[in-house]
Every structure is written in C-alpha cells, then in structure tokens.
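**Q** In the numbering used here, the protein residues as written are 16 to 335. Here you go, one structure.
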C-alpha cells in the first residue's frame, strides 16, 4: 500500500477539499493530514505548500471544528525541528494568537502546546500581545494541562530572555525581560515550581530560574522570591468527631525545597548541585534574609556544593 503522503491521487483530492469553499471538507482533510503530519511535515510544507492554505482557513474559518483540526495539524508538523522555523512565522503567530483566549478548552489547550513548541528555537516573531494573552489565560484556566503547558511556555520565555549567548539579539532579550518584569510573571512562576508534583516540570522551572539569575535585573526578583513562603491549600482531611476546623494551609517556599534536594544522599545530587548553583547563590548573597536556622542550613548546602563540585562556590558576575 502506498503511504498517503506519497499517493498523489489521494493527496490531490485532500488538497482540492482544502481549496474548496466547504469548511466541512477542509476540516476532514486537515484531520487526515494531522494523522501523518509528524512523520511527513517537510513534504506537506514544501511539496504540497500547505502553509498558505492553513493561514487562509485560520483567518476565514469561523467554525471551532476547523480551527481545532488546524491547530492539531500545526502542532504535529512543528515537532520535527526542521519544520519548526518554517511554521513559526509572524503570520502564523498572528493568526493563532486570538485562539489562546478561545472559549473552548480543547482549542486553547492545543494552542498553548503549539506555542511552546514553535517558540522553543526562537522568539523573534513573538509579540507582547501573545504573551499577554497567555498571562490572561493563566488567570482563568482551571485544568491542569493548560496551566502546566502555559508555565512551560513561560519557562521558554524566561530562558530565552536570560540567554547570554544571543549577543546579536541583545535588544530582543532585554525587551523580553522588560515584558516579563512588567507582567510580574516570576511570582506565579515560582509558586508553580513550589506546587507542581511533577519532577520534570520542577526541573524545567529550576532551569529557567537559574538562567534568570545570571541577569542582574531578574536576579534581584528571583532572590526575593526564593525565600518567600507561598500558602499552599492543605488537602482536606476527614474531620475528627466533634471538631469543625478548616485545614491550615501549608507554607512552602523554593528555598526549603532546594535545601531538601541538596541534603539528599542520592548520587544525582552532584548534578543537582551544579544545576541549582545560581539559584542557591540568590539565597546566600547579600543582603541576607530569612531566619538564622534556615540561613545556617543554606550555608551548609553551599559548602556541600563546593565539596562535591570541586569548584569555588558562588563566584558571581552579572552579564551586562
């Protein structure tokens, strides 16, 4: 059997449906292509020049079904790195931007995943409007998938804005940090790091905060937040007979989590110590804050980092 993307007769039929005026036919065609797009993204983008048709239907198609089908297709096509930059044009971002605040969860949840993938290699075409839309979505989203993927997208923004290797794009990274600071994104981001139950997401947050601590303006913000306690709602426990008291929220902050990790005897602690070096630096650098017991624990951890990494701990220079 000939694969669908190599079957010219079948592909020509699907392209006729996409080029028709029927959104039902176009929707079916996009759904069919979505099933194979991850494997043959290059062929769809170059041989069949699918992107202009995608742009057309994103602009003209008002029905949720076709938008959902297109976003799913784009998400799959964007996964191979070679096709990501082809898809991540200013026009594509302009057209999918409004879908971030679409009323239907299946649509905006897929758009967030698509944004996370598309902007991983570059933020050049990303507008402040899209970033603001994601922040608004976080204020109203109730499902964990949307929240998790939104914060992963924000992590991409933080890492890109903090990247010291983009010398040719210094103005872009500087303006990106200004946007993040203007929207006060670090406080909810640190709270997410503190509350997430997924180790992979925690590591991503830690990575982004570490990158942010290499820049003077964002370092000061990270420094203030690492020691800030966040009230985490306690799980409701069965009430004792005769008692009627609400569960007391747990106070948790990133500093204590890092301390716990660094005190762990797991062999991976060496890599964790290297990974958290800059974040821990924000705890021990002046001005010193926090209670003495906690500060003593932090300093013990800093000595442990010196011992296991065989490096001078916390030599710190800002990237100008």
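Every residue gets a Cβ at the ideal spot worked out from N, C-alpha and C, and that includes glycine. Being a predicted model, the structure only gives us computed values, none of them experimental.
Which residues in the same chain as residue 116 place their Cβ atom closer than 8 Å to its Cβ, once the five residues preceding and following it in sequence are excluded?
**A** The count along the chain shown starts at 1 and reaches residue 116 at position 101. Cβ within range, chain order: 123, 148, 151 and 152.
**Q** Closer than 8 Å is the cut-off here; do at least three beta carbon pairs connect the segment 226-234 with the segment 264-272?
**A** These segments do not touch.
**Q** For a test of the three-state rule: what should DSSP assign to residue 266, helix, strand or coil?
**A** Position 251 of the chain shown, counting from 1, holds the residue named residue 266. Of the three classes helix, strand and coil, the one that applies to residue 266 here is strand, per DSSP.
**Q** Nearest-angstrom Cα distance between residue 198 and residue 190?
**A** For the purposes of this step, residue 198 is taken as the residue at position 183 of the chain shown. For the purposes of this step, residue 190 is taken as the residue at position 175 of the chain shown. So the alpha carbons of these two residues sit roughly 12 Å apart.
**Q** Check whether the Cβ atoms of residue 83 and residue 125 lie closer than 9 Å to each other.
**A** Working through the chain shown from its first residue, we reach residue 83 at position 68. Working through the chain shown from its first residue, we reach residue 125 at position 110. Yes, the Cβ-Cβ distance between residue 83 and residue 125 is below 9 Å.
**Q** For residue 112 and residue 145, I'd like the C-alpha separation in whole angstroms.
**A** Translated into positions along the chain shown, residue 112 becomes position 97. Translated into positions along the chain shown, residue 145 becomes position 130. Each residue's alpha carbon lies about 6 Å from the other.
**Q** Out of 224, 170, 139 and 160, point me to the one whose CA is closest to residue 187's CA.
**A** Locating residue 187 in the chain shown gives position 172, where the first residue counts as 1. The option with the nearest alpha carbon to residue 187 is 139.
**Q** Report, in whole angstroms, the separation of the C-beta atoms of residue 32 and residue 44, which I expect to be a contact under 8 Å.
**A** The count along the chain shown starts at 1 and reaches residue 32 at position 17. The count along the chain shown starts at 1 and reaches residue 44 at position 29. About 4 Å; that satisfies the 8 Å criterion.
**Q** Could you tell me the distance, in whole angstroms, from the CA atom of residue 234 to the CA atom of residue 315?
**A** As a first step, residue 234 is located in the chain shown; it is residue number 219 there, counting from the start. As a first step, residue 315 is located in the chain shown; it is residue number 300 there, counting from the start. Near 22 Å, if we compare the C-alpha coordinates of residue 315 and residue 234.
**Q** Could you compute how far the alpha carbon of residue 154 sits from the alpha carbon of residue 217?
**A** Numbered from its first residue, the chain shown carries residue 154 at position 139. Numbered from its first residue, the chain shown carries residue 217 at position 202. Roughly 20 Å between the two C-alpha positions.
**Q** Given this structure, state the Cα-to-Cα distance separating residue 164 from residue 170, to the nearest angstrom.
**A** As a working note, residue 164 is residue 149 in the chain shown. As a working note, residue 170 is residue 155 in the chain shown. Using only the alpha carbons, I get a separation of about 10 Å.
**Q** Can you tell me whether residue 246 is buried or exposed, with buried defined as 16 or more other CB within 10 angstroms of its CB?
**A** As a working mapping, residue 246 is identified with position 231 in the chain shown. By the 10 Å Cβ count, residue 246 comes out exposed.
**Q** Residue 101: which of 119, 114 and 69 sits nearest, CA to CA?
**A** The count along the chain shown starts at 1 and reaches residue 101 at position 86. Closest by alpha carbon: 69.
**Q** So what does DSSP say about residue 207, is it helix, strand or coil?
**A** Mapped onto the chain shown, residue 207 falls at position 192. Helix, per DSSP.
**Q** Report buried or exposed for residue 213, applying the criterion of at least 16 other Cβ atoms within 10 angstroms of its Cβ.
**A** Translated into positions along the chain shown, residue 213 becomes position 198. Exposed, by the Cβ-count rule.
**Q** Tell me which residue opens and which closes the beta strand (DSSP E) that residue 169 is part of.
**A** Taking the first residue of the chain shown as 1, we reach residue 169 at position 154. Looking at the DSSP string, residue 169 is not in any beta strand (DSSP E); the run it does join, the alpha helix (DSSP H), is 159-177.
**Q** In or out: residue 185 buried (at least 16 other Cβ within 10 Å) or exposed?
**A** Indexing the chain shown from 1 puts residue 185 at position 170. It is exposed - the Cβ of residue 185 has fewer than 16 other Cβ atoms within 10 Å.
**Q** What residue from 196, 221, 264 and 222 has the CA that sits closest to residue 232's CA?
**A** On the chain shown, position 217 is the one that residue 232 refers to. When each option's Cα is compared against that of residue 232, the closest is 196.
**Q** Residue 66 and residue 129 look like a contact to me (Cβ under 8 Å); what is the Cβ gap, rounded to whole Å?
**A** By one-based count along the chain shown, residue 66 stands at place 51. By one-based count along the chain shown, residue 129 stands at place 114. Residue 66 to residue 129, Cβ: 14 Å. No contact.
**Q** Which class does residue 217 belong to by DSSP, given the choice of helix, strand or coil?
**A** Within the chain shown, residue 217 is the residue found at index 202, counting from 1. It is helical.
**Q** Could you round the C-beta distance between residue 141 and residue 108 to whole angstroms and report it? I think they count as a contact, below 8 Å.
**A** Residue mapping note: residue 141 aligns to position 126 of the chain shown, counting from 1. Residue mapping note: residue 108 aligns to position 93 of the chain shown, counting from 1. Their Cβ separation, rounded to whole angstroms, is 6 Å, which keeps residue 141 and residue 108 in contact under 8 Å.
**Q** Between residue 127 and residue 56, what straight-line distance do the alpha-carbon atoms span, to the nearest angstrom?
**A** On the chain shown, residue 127 is found 112 positions in, with the first residue counted as 1. On the chain shown, residue 56 is found 41 positions in, with the first residue counted as 1. Answer to the nearest angstrom: the Cα atoms are 20 Å apart.
**Q** By DSSP's criteria, residue 247 is part of a beta bridge. Which residues make up the other side?
**A** To locate residue 247, count along the chain shown from 1; it is residue 232. Residue 247 pairs with 265.
**Q** Looking only at its chain, what residues have a beta carbon closer than 6 Å to the beta carbon of residue 207, apart from the 5 residues adjacent to it on each side?
**A** The count along the chain shown starts at 1 and reaches residue 207 at position 192. Once the five neighbours on either side are set aside, the close Cβ partners of residue 207 are 166.
**Q** Quick one: give me the first and last residue of the alpha helix (DSSP H) that residue 38 is part of.
**A** Position 23 of the chain shown, counted from the start, is the residue given in the question as residue 38. Counting along the chain, the alpha helix (DSSP H) containing residue 38 begins and ends at 38-51.
**Q** Can you check whether the CB of residue 194 is closer than 9 Å to the CB of residue 241?
**A** Within the chain shown, the letter at position 226 stands for residue 241. Within the chain shown, the letter at position 179 stands for residue 194. Not in contact: residue 241 and residue 194 (Cβ atoms no closer than 9 Å).
**Q** Residues in its own chain within less than 6 Å of residue 95 by CB, not counting five upstream and five downstream?
**A** Working through the chain shown from its first residue, we reach residue 95 at position 80. Within the same chain, residue 95 has close Cβ partners 56.
**Q** Can you tell me whether DSSP reads residue 76 as helix, strand or coil?
**A** Translated into positions along the chain shown, residue 76 becomes position 61. Reduced to three states, the DSSP call for residue 76 is coil.
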